[in-house]
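**Q** Structure below; questions to follow.
In my numbering, the protein residues as written are 53 to 458.
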């Protein structure tokens, strides 16, 4: 049952990311239709990310109150509806509004989807399961950027969005019908929000520290994955070299996510693996300006591999915590995602300022240094340990009285 639930949720992550990135395949036709420049159309990505970063925590509240299955399906349904409405837009303003609606749906699904995996795998194979669902995120990104490019070219940008939206709605329907909660976890069907439950979740020190510690690695990856192609073109590298790096930085996340699960099952320390992964990702970012035309792809692979490795490890923190009830997992994960998402806004902006000023080497250096420094914040997290078994005092034995014996 639990592997079936993992497959269903992973399919949801594929649908979520397909409808996140497939809009980029229509930038040219959209610009022509509405009389816009491509940089202006790129706002469609920004508005999606803005909505995506804002509603993780409210999505967690809904999952606690309405139940995991309903909100899991709701997030995908809203995103799919947003995609269909985007295809009907008669102005660029309308398109912006409907893309924001897509981001809202993805925001709700993301935290709830991670929680839906965690509740089934808290006892065993936790990191492996989350690694598989993270790999699905990378697969959906690749499908949205490459397979949907052919669909857009063969049909139109509107038809392309409709196909993506229908796919998303189909997975939403499957989630509503087939998703189940683990036996004995009745609270996951919906409970009243309580002040004490929210206090224990939103006030959890380790959850905040993990969110802040991922600030650099998260923001640097979003920056690197979107701007590595522009950087390669700036350096005058060949089109094939730039395309290979842009493709590999995304697809390297699939083996990176799986490797995280395999290693975590044997090593076991979430904090140590998280720090190691974030630092290694940062070192590959620092190495990018040092690479040549023949080696440009190597840091790209390293960045993508280590980001997804770290992300898979990072996601396990709420599910591994004995202080967070299963019905509050979505809120805890939403809090971590929201805190880390600040890096996704701040670091690309800072990168652009440095790239236009001191230059790209300084910008990549900033990404790497911030990634290392924020990752070290996780050292303040106490490694999780099992509760000690109480030791009863040993007393000298004495013969039992007649009353005690009876």
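Every residue gets a Cβ at the ideal spot worked out from N, C-alpha and C, and that includes glycine.
Being a predicted model, the structure only gives us computed values, none of them experimental.
When you compare the CB positions of residue 258 and residue 76, do they come within less than 8 Å of one another, or not?
**A** No, the Cβ-Cβ distance between residue 258 and residue 76 is not below 8 Å.
**Q** Please report how far the alpha carbon of residue 53 lies from the alpha carbon of residue 166, in whole angstroms.
**A** Cα to Cα, the separation comes out at about 17 Å.
**Q** My guess is that residue 274 and residue 396 are in contact by the Cβ rule of under 8 Å, so how many angstroms apart are they, rounded?
**A** At roughly 5 Å, the Cβ-Cβ gap stays under 8 Å, so residue 274 and residue 396 are in contact.
**Q** How many angstroms separate the CA atom of residue 329 from the CA atom of residue 141?
**A** Roughly 42 Å between the two C-alpha positions.
**Q** For residue 412, which residues from the same chain have a beta carbon less than 7 Å from its beta carbon, with the 5 sequence-adjacent residues on both sides left out?
**A** Once the five neighbours on either side are set aside, the close Cβ partners of residue 412 are 283, 286 and 341.
**Q** Which runs of the alpha helix (DSSP H), 4 residues or longer, sit entirely within the segment 74-98?
**A** Listed in chain order, the complete alpha helix (DSSP H) runs (minimum 4 residues) inside the segment 74-98 are 79-86 and 90-93.
**Q** For residue 319, is the classification buried or exposed, using 16 other Cβ atoms within 10 angstroms of its Cβ as the cut-off for buried?
**A** The residue in question, residue 319, is exposed, as its Cβ has fewer than 16 Cβ neighbours within 10 Å.
**Q** Evaluate the contact criterion for the segment 354-361 versus the segment 139-159: three or more CB pairs, one atom per stretch, below 8 Å.
**A** Taking 8 Å as the limit for Cβ pairs, the verdict is that the segment 139-159 does not touch the segment 354-361.
**Q** Let me know the secondary structure DSSP gives residue 446 once reduced to three states.
**A** Note on residue 446: pLDDT 38, under 50, position unreliable in the model; the coordinate value appears next. If DSSP states are grouped into helix, strand and coil, residue 446 belongs with coil.
**Q** Within 10 angstroms of the Cβ of residue 206, are there 16 or more other Cβ atoms? Answer buried if so, exposed if not.
**A** Residue 206 comes out exposed.
**Q** Classify residue 256 as helix, strand or coil using the three-state DSSP reduction.
**A** Correct three-state label for residue 256: coil.
**Q** Which term fits residue 240, buried or exposed, when burial requires 16 or more other beta carbons within 10 angstroms of its beta carbon?
**A** Buried: at least 16 other Cβ atoms inside 10 Å.
**Q** If we require 4 or more residues per run, which alpha helix (DSSP H) segments fall completely within the segment 144-194?
**A** Entirely contained in the segment 144-194, the alpha helix (DSSP H) runs reaching 4 residues are, in chain order, 144-173 and 178-194.
**Q** In whole angstroms, what is the alpha-carbon distance linking residue 418 and residue 339?
**A** Whole-angstrom Cα-Cα distance: 12 Å.
**Q** May I ask you to report which of helix, strand or coil DSSP gives residue 464?
**A** Past the boundaries of the shown model lies residue 464; the chain is included only from 53 to 458, so the question cannot be answered.
**Q** Tell whether a beta-carbon distance below 8 Å holds between residue 109 and residue 420.
**A** Contact flag unset, no.
**Q** Measuring alpha carbon to alpha carbon, tell me which of 270, 234 and 198 ends up nearest residue 390.
**A** Nearest C-alpha to residue 390: 270.
**Q** Report the residue from 323, 314 and 272 whose alpha carbon sits nearest the alpha carbon of residue 301.
**A** It is 272.
**Q** Are residue 373 and residue 266 closer than 8 Å when you measure CB to CB?
**A** Not a contact, by the Cβ cut-off of 8 Å.
**Q** Taking the C-alpha atoms as reference points, what is the distance between residue 351 and residue 61?
**A** When rounded, the distance between both Cα atoms is 31 Å.
**Q** Going by alpha carbons, who is nearest to residue 380 out of 234, 229, 79 and 251?
**A** Considering only alpha carbons, the answer is 251.
**Q** Is the beta carbon of residue 426 sitting closer than 8 Å to the one on residue 264?
**A** Result yes, Cβ atoms of residue 426 and residue 264 sit closer than 8 Å.
**Q** Pick out whichever of 378, 349, 361 and 96 has its Cα sitting closest to the Cα of residue 281.
**A** For residue 281, the nearest C-alpha among the options comes from 349.
**Q** Could you pull out every residue in the same chain whose Cβ sits closer than 6 Å to the Cβ of residue 73, ignoring the five residues on either side in sequence?
**A** So the list reads 193, 196 and 197, once near-sequence residues are dropped.
**Q** Give the DSSP-derived three-state secondary structure of residue 348 in the structure shown.
**A** Reduced to three states, the DSSP call for residue 348 is coil.
**Q** Can you give the beta carbon distance from residue 293 to residue 234, rounded, assuming they're within the 8 Å contact cut?
**A** With a Cβ gap of about 48 Å, residue 293 and residue 234 do not count as contacting.
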